[in-house]
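Asker: Sending over a structure as structure tokens; questions will come in a sec.
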């Protein structure tokens, strides 16, 4: 299935002209999930020609402004542009009062239903699930309540080889079982192995979003083997103390988490504004974990083209 | 004195890539006043190389998001970038709770003192005054409480003609009276008229900011003869009904207010996103009031070069 991540912003703390605050859009087979929503996110979505009315689920990691100050503007623009379908927001509880107060101050009654789903402060839970994907939070270790998110496509059923199934006169009501892996026992008693009458379906993808966080080995088990890990790397490794003081990670810490959890690819971001050129951050991370990518606004990562 | 207005954004309702939501910076002799602060204002200030730490007073007309959603980000960036001097915000009361709630959710205690000055909902008052300038609100007529602002430089004292004053042996302690217009009576009893020993000082400037508002003749007396009137012109004149329904004005209504109040120049803005090309709006306004300018991001109007 198609599974693509677009980086809308990847800077920490203060927005600049070229590097925008955190926001990412995950397109999982034409389901659009927005992850964080720093100031200006709605303009970035326009810039990259991503129709924001197609977003039905928004996940906010924590309530530092560089991760959500663009949300109220997006909610209002969706309203002003005639949205009428549901919007689901997953965030820490305090955000609900902030949204409500701003809608009330402008005397706005949204045209569409907005559902607010509070994220637990202390346990990891499934936040959203349908037949194709499951999305969970994972507690991070920052200066305020902060949550990462794991997106996992569900294992798809096997595909029937139509010609063979028809030749064997397998009745239609057995198809589902066979798609789920059952063998077929012919009238003669001969067992036809499932892999003779089905083929594997498309691979499933997984993505973990970890920002903002201290180096935290508790994450390793949770993200084991994931296709792509986004891990913040606010600082270069020489500023490990500064990272610790501010609840952040360095490049080499991000890469160490990637290595220890055997993820397939690492995307680093949330860069401090002090770094004008990000190449050194990439090199530092690659030193520890080769398959590292550097987040930048407009970058699109197609999971079908990543190392597997 | 130098008196310059920079347009940071001039669109209504929904931000677009090229046209940003309302924000303006008035530089009155190196005092910087920010008027409205739509989403992305801090990035616009960077784009035009205007140091936002020099802003000490922010005026918010009303609590529709396109006029203030960028404020909390600006407040936080000022904090993160080490501000320690006072910041004064003038806005309707509800904004205080919105700011407080967002600072509390991120566990932020600002490094600098933030003073909140509520704007009256029903009377015009002086909001700020010093020896050089006076700033007042004026009640507008919109769908929620909304205020315009009038900036008036104070009449400056006359300048002494040094040579003449010295020749007449006028003592130093009389200088102030003479700067304020007093004649000089010489020992001989001869009266030296003030205009023989002083010259006019630099002209004073005035600016009125009117957004968002219905056509409202109550404004005329308040803005009589002002140097520059910013008046919203959300719609072309064929959409007068739509303007009325939404609490806005048309081009010709803005220009009629300018004409009836004998202002010297008119700047129209707050354009509906439906207008790709704004030339027709300018023409419609010029039909009624010749000295019309079109607001666009980055436009700088120097009051010393405007028609007077």
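Chains as they are written, first to last, in my numbering: chain V, 612 to 919; chain Z, 612 to 919.
Beta carbons are placed, not taken as given, at the ideal position from N, Cα and C, and that holds for glycine.
Nearest-angstrom Cα distance between residue 694 of chain Z and residue 884 of chain V?
Answerer: About 17 Å.
Asker: Verify whether the separation of the beta carbon atoms of residue 817 of chain V and residue 763 of chain V is less than 8 Å.
Answerer: For residue 817 of chain V and residue 763 of chain V, yes; Cβs fall inside 8 Å.
Asker: Does chain Z have any CB closer than 8 Å to the CB of residue 816 of chain V?
Answerer: So no, residue 816 of chain V is outside the interface.
Asker: Given a threshold of 16 other Cβ atoms within 10 Å of its Cβ, counted over all protein chains shown, does residue 829 of chain V qualify as buried or as exposed?
Answerer: Under this definition residue 829 of chain V is an exposed residue.
Asker: Going along chain V in order, which residues have a C-beta closer than 9 Å to the C-beta of residue 657 of chain Z?
Answerer: In chain order: 626, 627 and 628.
Asker: Short of 7 Å in beta carbon distance, which residues of its chain neighbour residue 736 of chain V, apart from the five on each side in sequence? Order them along the chain.
Answerer: Answer for residue 736 of chain V: 747 and 748, listed in chain order.
Asker: Taking residue 718 of chain V as the query, report the chain Z residues whose CB atoms sit under 8 Å from its CB, ordered along the chain.
Answerer: Those are 754 and 755, listed as they occur along chain Z.
Asker: According to the Cβ coordinates, are residue 692 of chain V and residue 625 of chain Z closer than 8 Å?
Answerer: In contact: residue 692 of chain V and residue 625 of chain Z (Cβ atoms closer than 8 Å).
Asker: Let me see if you follow: with CB-CB separation under 8 Å, is residue 917 of chain V close to chain Z or not?
Answerer: False, the Cβ-Cβ gap to chain Z never drops below 8 Å.
Asker: Do residue 668 of chain Z and residue 651 of chain Z have their beta-carbon atoms positioned less than 8 Å apart in this structure?
Answerer: It is not a contact, given that the beta carbons lie outside the stated cut-off.
Asker: Please classify residue 664 of chain V: does DSSP put it in a helix, a strand, or coil?
Answerer: Correct three-state label for residue 664 of chain V: helix.
Asker: Which residue comes first and which comes last in the beta strand (DSSP E) that contains residue 913 of chain V?
Answerer: Element bounds for residue 913 of chain V: 911–913.
Asker: Mind the definition here: the stretch 783–795 of chain Z touches the stretch 877–893 of chain Z only if three or more C-beta pairs lie below 8 Å; say whether that holds.
Answerer: Verdict: no, contact absent.
Asker: Between which two residues does the beta strand (DSSP E) carrying residue 843 of chain Z extend?
Answerer: Counting along the chain, the beta strand (DSSP E) containing residue 843 of chain Z begins and ends at 839–843.
Asker: Excluding the 5 residues preceding and the 5 following residue 848 of chain Z in the sequence, name in chain order all residues of the same chain whose CB lies nearer than 8 Å to its CB.
Answerer: Same-chain partners within the cutoff: 861, 862, 863, 864 and 895.
Asker: Where does residue 786 of chain V sit, in a helix, a strand or coil, going by DSSP?
Answerer: Three-state result, residue 786 of chain V: helix.
Asker: Are residue 703 of chain V and residue 734 of chain V close, meaning C-beta to C-beta below 8 Å?
Answerer: In this structure, residue 734 of chain V does not lie closer than 8 Å to residue 703 of chain V by Cβ.
Asker: Would DSSP call residue 770 of chain Z helix, strand or coil?
Answerer: Strand, per DSSP.
Asker: If I'm right that residue 854 of chain V touches residue 845 of chain V with Cβ under 8 Å, what's the distance once you round it to whole angstroms?
Answerer: About 6 Å separates the two Cβ atoms, so the contact holds.
Asker: List the residues of chain Z that residue 671 of chain V touches, going by C-beta distances under 7 Å, in chain order.
Answerer: The premise fails here: residue 671 of chain V is roughly 11 Å from chain Z at the closest Cβ pair, so nothing lies under 7 Å.
Asker: Check the Cβ-Cβ distances between residue 688 of chain Z and every residue of chain V, and say whether any is below 8 Å.
Answerer: Chain V, which has a Cβ nearer than 8 Å to the Cβ of residue 688 of chain Z, makes this yes.
Asker: Check each residue of the stretch 861–875 of chain Z: if its Cβ is closer than 7 Å to any Cβ of chain B, include it; give the result in chain order.
Answerer: Chain labels in this structure do not include chain B; the protein chains are V and Z.
Asker: When the distance is taken between beta carbons, is residue 673 of chain V closer than 8 Å to residue 700 of chain V?
Answerer: Contact: no.
Asker: What's the call for residue 623 of chain V, buried or exposed, on a 16-neighbour Cβ count within 10 Å?
Answerer: By the 10 Å Cβ count, residue 623 of chain V comes out buried.
Asker: Would you mind telling me which residues of chain V sit closer than 7 Å to residue 675 of chain Z, beta carbon to beta carbon, in chain order?
Answerer: Within chain V, the residues near residue 675 of chain Z are 717.
Asker: So which residues of chain V does residue 759 of chain Z contact, with C-beta pairs closer than 8 Å?
Answerer: Here the premise fails: no neighbours, minimum Cβ distance about 18 Å.
Asker: Pick helix, strand or coil for residue 704 of chain Z, following the three-state DSSP scheme.
Answerer: Residue state, collapsed to three classes: coil.
Asker: Skipping 5 residues on each side, what residues in its chain have a beta carbon closer than 8 Å to that of residue 771 of chain V?
Answerer: The answer, listed in chain order, is 786, 789, 790, 808 and 809.
Asker: Could you name the residues of chain Z that residue 683 of chain V contacts, counting a contact when the two beta carbons are closer than 7 Å?
Answerer: Simply 676 and 680.
Asker: Using beta-carbon positions only, say whether residue 677 of chain Z and residue 617 of chain Z come within less than 8 Å of one another.
Answerer: Against a cut-off of 8 Å, the Cβ pair of residue 617 of chain Z and residue 677 of chain Z comes out as no contact.
Asker: Tell me the rounded alpha-carbon separation between residue 769 of chain V and residue 905 of chain V.
Answerer: Those two C-alpha atoms are separated by around 35 Å.
Asker: Just to confirm the assignment: which complete beta strand (DSSP E) runs, minimum length 3, are found wholly within the stretch 826–876 of chain V?
Answerer: List check, beta strand (DSSP E) in window: 839–843.
Asker: Rounding to the nearest angstrom, what Cα-Cα distance links residue 825 of chain Z and residue 859 of chain Z in this structure?
Answerer: Rounded to whole angstroms, residue 825 of chain Z to residue 859 of chain Z spans 5 Å at the Cα level.
Asker: Taking the C-alpha atoms as reference points, what is the distance between residue 876 of chain Z and residue 866 of chain V?
Answerer: Each residue's Cα considered, the two are about 60 Å apart.
Asker: Give the DSSP-derived three-state secondary structure of residue 716 of chain V in the structure shown.
Answerer: In this structure, residue 716 of chain V counts as helix in the three-state DSSP scheme.
Asker: With distances taken between CB atoms, is the gap from residue 614 of chain Z to residue 670 of chain Z smaller than 8 Å?
Answerer: The answer is no: Cβ separation not under 8 Å.
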